[in-house]
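Structure, as structure tokens:
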Amino acid sequence: MQRPIIDLRSDTVTKPTEAMLKAMVEAEVGDDVYGEDPTVNRLESMAAEILGKEAALFVTSGTQGNQVAVLTHCRSGDEVILEADSHIFYYESGAVAALAGVQTRTLPGSRGALDPEQVKRAIRGKNIHYPRTALVCMENTHNRAGGAVITPEQMRGVYQAAKERGVAVHLDGARLFHAAVALGRKAEEFARYTDSVQICLSKGLCAPMGSILAGSRAFIEEARWWRKKLGGGMRQAGYMAAPGIVALTEMVDRLAEDHRRAKELAAGLSKLPLTVYPVETNIVLVDTRATGYTAVEFLDKLAAYGVRATDFDEYLVRFTTHYHIGDSDIAETLNIVERVIG
Ligand code: TLP
Numbered sequence: 004m005q006r007p008i009i010d011l012r013s014d015t016v017t018k019p020t021e022a023m024l025k026a027m028v029e030a031e032v033g034d035d036v037y038g039e040d041p042t043v044n045r046l047e048s049m050a051a052e053i054l055g056k057e058a059a060l061f062v063t064s065g066t067q068g069n070q071v072a073v074l075t076h077c078r079s080g081d082e083v084i085l086e087a088d089s090h091i092f093y094y095e096s097g098a099v100a101a102l103a104g105v106q107t108r109t110l111p112g113s114r115g116a117l118d119p120e121q122v123k124r125a126i127r128g129k130n131i132h133y134p135r136t137a138l139v140c141m142e143n144t145h146n147r148a149g150g151a152v153i154t155p156e157q158m159r160g161v162y163q164a165a166k167e168r169g170v171a172v173h174l175d176g177a178r179l180f181h182a183a184v185a186l187g188r189k190a191e192e193f194a195r196y197t198d199s200v201q202i203c204l205s206k207g208l209c210a211p212m213g214s215i216l217a218g219s220r221a222f223i224e225e226a227r228w229w230r231k232k233l234g235g236g237m238r239q240a241g242y243m244a245a246p247g248i249v250a251l252t253e254m255v256d257r258l259a260e261d262h263r264r265a266k267e268l269a270a271g272l273s274k275l276p277l278t279v280y281p282v283e284t285n286i287v288l289v290d291t292r293a294t295g296y297t298a299v300e301f302l303d304k305l306a307a308y309g310v311r312a313t314d315f316d317e318y319l320v321r322f323t324t325h326y327h328i329g330d331s332d333i334a335e336t337l338n339i340v341e342r343v344i345g
């Protein structure tokens, strides 16, 4: 008999819940490009309220939300300050260069967090030779830093450094609710230190697609224009916004379970010849060097037993827990890893 796959590659593999499927079928819809889809309008106002912003926009993906934000904040030739391993810089196919025509200035983070002093120094003064620094981006939780949580206080430091020089701040909050749940704080407490924030509905929160971009009313008005220009005007999008409403109302608090299971997985893995990075949320990073296997070799061996994870670097593997990973999957994964490297 074929073993069931234990898919720890990403929380992006999550499928909609029963409640989401029901909400999709029953959604009331209209043409959202005319602003007439009541379900999209409800999702946007609910998300704006949760994030403490004036307005919000339903976008197709996290990448589209981030790109629309950069396009709205910047003009061609501007400079954007980013953490060196941030998703916008590392994983968005060079879109900020291709679409917004901005140049990137990357700074090394400490577990994904930018240092306000370094940000201050990196912001350009007025000089005929310099580009204009238009935007600072943060990411929370930080994916490549292993789901690391940036506290609202850390975010405030960066925000103040940017604001002192009149520079806008965007947050890639693809997993912001993971940070909020891990610290027992409200999403709004983080979003306060941003001008715009993007949150994903389709990762840990299980919606089939979509993200929210939130900010001031004027910002969202212009972002809506950029979204249309990128082909993101979605017509009867209420069918996709309806599961997003379920995501925000029913799926946030349970993220604590994913965090608990990630910590259990990490505790088990650290008893094996693997270096396990600190776990704060639903991501476990593991260095495979001591096993003699590269990340890809290690993943091939796991895949033969039906366990899937992702390579993050030559010797770095990422395991991500989510709604479809239960306690028995964690136990089974630990058995299989032990068998593979034992
Ligand atoms: N991350 C994906 C991959 O693209 C790496 C994953 O499996 O983790 N910001 C952050 C911090 C993300 O982790 C992601 C997706 C995005 C933005 C982009 O979201 P989507 O995939 O909806 O465009």
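Residue numbering for the sequence shown follows this note's numbering, starting at 4 and increasing by one per position. No residue lacks a Cβ here, since even glycine has one placed at the ideal position from N, Cα and C. These numbers were taken from a predicted model, which means no experiment stands behind them.
Are there 16 or more other CB atoms within 10 angstroms of the CB of residue i, so buried, or fewer, so exposed?
i	result
A137	buried
V299	exposed
A334	exposed
T197	buried
R257	exposed
D175	buried
S13	buried
S96	exposed
R124	exposed
G150	buried
N338	exposed
Is the separation between the beta-carbon of residue i and that of residue j shorter than 8 Å?
i	j	result
E283	V152	yes
T297	Y326	no
V340	L275	yes
A177	C203	yes
R78	I126	no
L305	M49	no
E142	S89	yes
Let me make sure I understand the geometry here. Which of the options has the alpha-carbon closest to that of residue i?
i	options	result
H132	P119, E82, V99, V139	E82
Q201	R159, T144, P281	T144
A194	E86, Q70, A217	A217
V105	I126, E86, Y93, P134	P134
Q70	S214, G247, R159	S214
R263	K25, A190, D330	D330
A98	L233, L54, G55	L233
F222	R45, R292, H76	H76
Take residue i and list the residues in its own chain whose beta-carbon comes closer than 6 Å to its own, dropping the five residues that flank it on each side.
i	result
Y219	In the sequence on display, residue 219 carries Ser and not Tyr. Excluding positions up to five away in sequence, the list reads E57.
P41	E31
M212	S205, M243
V279	A269, L272, S273, V289
Going by beta carbon distance, what residues of the same chain come within less than 7 Å of residue i, once the five residues before and after it are set aside?
i	result
Q254	Here residue 254 turns out to be Met, not Gln, going by the sequence shown. Taken in chain order, the residues that qualify are L208, C209.
G235	V62, T63, Q67
The alpha helix (DSSP H) that contains residue i, what's its start and end?
i	result
M27	21–29
Q163	155–167
A185	179–186
Counting along the chain, where does the beta strand (DSSP E) carrying residue i start and finish?
i	result
H173	171–176
R135	First-last for R135: undefined, no H or E at that position.
G218	214–218
Output needed for residue i: all residues of its chain with C-beta closer than 8 Å, excluding positions within five of it in sequence on either side, in chain order.
i	result
P7	G309
R108	E82, V83, I84, L85, A125, T136
D191	Note on residue identity: the sequence assigns Glu, not Asp, to residue 191. Cβ neighbours of E191 beyond the five flanking positions: I53, L54, G55.
Q239	V32, G33, D34, D35, D40
Answer yes or no: the CB of residue i versus the heavy atoms of the ligand GDP, is any distance below 7 Å?
i	result
N69	Ligands displayed in this structure: the ligand TLP; the ligand GDP is not among them.
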